[in-house]
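**Student:** Numbering (our numbering), first residue to last: 1111 to 1379. Structure in structure tokens, see below.
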């Protein structure tokens, strides 16, 4: 199954919106968008982004914070507290996005930005290309090596201390070639705890970080919203004979906790 492109535009949304001549709250405005445009291919609304300069003003030490106003607890809802935010509206077709933007502009006076096509990443093609360029897999300090499933770990390991992971990314992000994945694996190598310590891998993708955590003694709960990526992560756990140490689920509310170690190699929280 090939993932389809989506089409998005940004929309500046004040706390109070004048909608068809009536003042309404931002929350009610988003509900109106869902009611009006779902039948026209509305795929999702990202309700706001808190940029680094705004985050600094809130006392947050981070490069970027992106939160859904509907998900955050009230005392930590930095997005909803903003006088104005930039929402992103996603549609399954350009025609649907254009029609929605035009209707919203007429109903509110708000001006939507240019429509952008979001082309899905072909992780499988990228992965195959990366391994063709590196026949011995991907080496990650201090002792990791990531290889494709057809490779014999014994033949590629450069030393007895190396930990070799077999990964077939399929629908899930995570091959060991991305810098953020490598940084997470380096950090996991420095975890010093008794075997059996609890780990939460939030946004597990291919399961590569779950596998690495299990290899250093962790009992891992892996959370991944994409059903295809979940199947892929389960297969990768089996490839590495770690299916009894990694428990994969779709939603965070199925994770029992608490977790002394949390991994979140994700684009947006």
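Virtual Cβ for every residue (Gly too), placed ideally from N, Cα, C. Keep in mind that this is a model prediction, so the values were computed, not measured.
Would you kindly work out how many angstroms separate the C-alpha atoms of residue 1155 and residue 1294, rounded to a whole number?
**Tutor:** Along the chain shown, one-based indexing puts residue 1155 at 45. Along the chain shown, one-based indexing puts residue 1294 at 184. Straight-line Cα distance between these residues: approximately 29 angstroms.
**Student:** Is residue 1153 helix, strand or coil by DSSP?
**Tutor:** Residue 1153 sits at position 43 when you count from the first residue of the chain shown. Strand at residue 1153.
**Student:** Can you give me the Cβ contacts of residue 1198 inside the same chain, cut-off strictly under 6 angstroms, excluding the 5 residues immediately before and after it?
**Tutor:** Residue 1198 sits at position 88 when you count from the first residue of the chain shown. Once the five neighbours on either side are set aside, the close Cβ partners of residue 1198 are 1118, 1120 and 1156.
**Student:** Using three-state DSSP, classify residue 1166 as helix, strand or coil.
**Tutor:** Locating residue 1166 in the chain shown gives position 56, counting from the first residue. Legend: pLDDT at residue 1166 = 48, less than 50; position of this residue unreliable, value from coordinates given subsequently. Note: residue 1166 maps to helix in three-state DSSP.
**Student:** With burial defined as no fewer than 16 other Cβ atoms inside 10 Å of the residue's Cβ, what is the status of residue 1361: buried or exposed?
**Tutor:** Start at 1 with the first residue of the chain shown, and residue 1361 comes out as number 251. It counts as exposed.
**Student:** Could you give the residue range of the beta strand (DSSP E) that holds residue 1275?
**Tutor:** Working through the chain shown from its first residue, we reach residue 1275 at position 165. Its beta strand (DSSP E) spans residues 1273 to 1276.
**Student:** Using a Cβ-Cβ cutoff of less than 6 angstroms, which residues in the same chain neighbour residue 1328 once the five nearest sequence positions on both sides are dropped?
**Tutor:** As a working note, residue 1328 is residue 218 in the chain shown. The answer, listed in chain order, is 1307 and 1309.
**Student:** With burial defined as no fewer than 16 other Cβ atoms inside 10 Å of the residue's Cβ, what is the status of residue 1126: buried or exposed?
**Tutor:** The residue given as residue 1126 occupies position 16 in the chain shown. By the neighbour-count rule (16 or more Cβ atoms within 10 Å), residue 1126 is not buried but exposed.
**Student:** Taking Cβ positions, are residue 1223 and residue 1152 nearer each other than 8 angstroms?
**Tutor:** Along the chain shown, one-based indexing puts residue 1223 at 113. Along the chain shown, one-based indexing puts residue 1152 at 42. No; because the gap between Cβ atoms is not below 8 angstroms, this pair is not in contact.
**Student:** What residue range does the beta strand (DSSP E) around residue 1358 cover?
**Tutor:** Here residue 1358 corresponds to residue number 248 of the chain shown, with the count starting at 1. Where residue 1358 is concerned, the enclosing beta strand (DSSP E) stretches over 1356 to 1359.
**Student:** Quick one: what's residue 1118 bridged to in DSSP?
**Tutor:** As a first step, residue 1118 is located in the chain shown; it is residue number 8 there, counting from the start. DSSP output for residue 1118 lists 1200 and 1226 as bridge partner(s).
**Student:** Count the other C-beta atoms from every protein chain shown that fall within 10 angstroms of the C-beta of residue 1338, then say buried if there are 16 or more, exposed otherwise.
**Tutor:** Numbered from 1 along the chain shown, position 228 holds the residue referred to as residue 1338. Exposed, because fewer than 16 other Cβ atoms sit within 10 Å of the Cβ of residue 1338.
**Student:** Which one of 1143, 1219 and 1253 has the shortest CA to CA distance from residue 1207?
**Tutor:** As a first step, residue 1207 is located in the chain shown; it is residue number 97 there, counting from the start. It is 1143.
**Student:** With H, G and I counted as helix, E and B as strand and the rest as coil, what does DSSP make of residue 1254?
**Tutor:** For the purposes of this step, residue 1254 is identified with residue 144 of the chain shown, where counting begins at 1. Correct three-state label for residue 1254: strand.
**Student:** Answer with buried or exposed for residue 1352, where buried requires no fewer than 16 other C-beta atoms within 10 angstroms of its C-beta.
**Tutor:** By one-based count along the chain shown, residue 1352 stands at place 242. By the neighbour-count rule (16 or more Cβ atoms within 10 Å), residue 1352 is buried.
**Student:** Between residue 1334 and residue 1343, which are expected to be in contact by the criterion C-beta below 8 angstroms, what is the C-beta distance as a whole number of angstroms?
**Tutor:** Counting from one through the chain shown, the residue named residue 1334 turns up at place 224. Counting from one through the chain shown, the residue named residue 1343 turns up at place 233. Between residue 1343 and residue 1334 the Cβ distance is about 6 angstroms, and since that is below 8 angstroms, they are a contact.
**Student:** Out of curiosity, what's the CA-to-CA distance linking residue 1392 and residue 1366?
**Tutor:** Because the chain here runs from 1111 to 1379, residue 1392 falls outside it and cannot be looked at.
**Student:** Within 8 angstroms of any Cβ in chain B, is that where the Cβ of residue 1357 sits?
**Tutor:** Looking for chain B here will not work: only one protein chain is present.
**Student:** Can you tell which of 1315, 1371 and 1377 has its C-alpha closest to the C-alpha of residue 1358?
**Tutor:** For the purposes of this step, residue 1358 is taken as the residue at position 248 of the chain shown. The option with the nearest alpha carbon to residue 1358 is 1315.
**Student:** How big is the Cα-Cα spacing for residue 1272 and residue 1264?
**Tutor:** Locating residue 1272 in the chain shown gives position 162, where the first residue counts as 1. Locating residue 1264 in the chain shown gives position 154, where the first residue counts as 1. Approximately 10 angstroms, taken between the alpha carbons.
**Student:** Please name the residue, chosen from 1312, 1372, 1246 and 1123, that lies closest to residue 1301 on a Cα-to-Cα basis.
**Tutor:** Within the chain shown, residue 1301 is the residue found at index 191, counting from 1. Residue 1372 is the option with its Cα nearest to residue 1301.
**Student:** So, using beta-carbon positions, are residue 1135 and residue 1227 closer together than 8 angstroms?
**Tutor:** Position 25 of the chain shown, counted from the first residue, corresponds to residue 1135. Position 117 of the chain shown, counted from the first residue, corresponds to residue 1227. Not in contact: residue 1135 and residue 1227 (Cβ atoms no closer than 8 angstroms).
**Student:** Whole-angstrom Cβ separation of residue 1229 and residue 1247, contact assumed at under 8 angstroms?
**Tutor:** By one-based count along the chain shown, residue 1229 stands at place 119. By one-based count along the chain shown, residue 1247 stands at place 137. Incorrect: roughly 28 angstroms between the Cβ atoms, too far for contact.
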